[in-house]
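As numbered in our numbering, residues 27 to 99 make up the sequence shown, in order. No residue lacks a Cβ here, since even glycine has one placed at the ideal position from N, Cα and C.
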Amino acid sequence: MTKLSSATPRRVVFQYLVPVHVEVEDGLVCAVTVIDETPVEIPTVVEGNADYLEEAVKAADDGQPWPSWRFGY
């Protein structure tokens, strides 16, 4: 097996479920807040090299405090 150098680009995009807070006014979604402190569980590869999934999850879920992300007005 060939060991990849650190210069070799590694890309994997994955998804997992997180809680969200959705605000609705007059039947329209006006804001969505993603609670981004949820541990990564059951990740699913969306695109990229699935061989890097485990490493990507460790990097994304390293215990650092992440803020929530808010979209809307």
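Residue from 62, 70, 67 whose Cα sits closest to the Cα of residue 45: It is 62.
Outcome for residue 85 when other beta-carbon atoms lying within 10 angstroms are tallied against a minimum of 16: For residue 85, the number of other beta carbons within 10 angstroms of its own is below 16, and it is reported as exposed.
Tell me whether residue 83 sits in a helix, a strand or coil according to DSSP, three-state version. Taken through DSSP and simplified to helix, strand or coil, residue 83 comes out as helix.
Straight-line gap, residue 65 to residue 82 (C-alpha atoms, nearest Å): Each residue's Cα considered, the two are about 13 angstroms apart.
Jot down the residue ranges of each uninterrupted alpha helix (DSSP H) in the stretch 50-77, minimum 4 residues, whole runs only, in chain order. The alpha helix (DSSP H) runs lying completely inside the stretch 50-77 and spanning 4 residues or more number zero.
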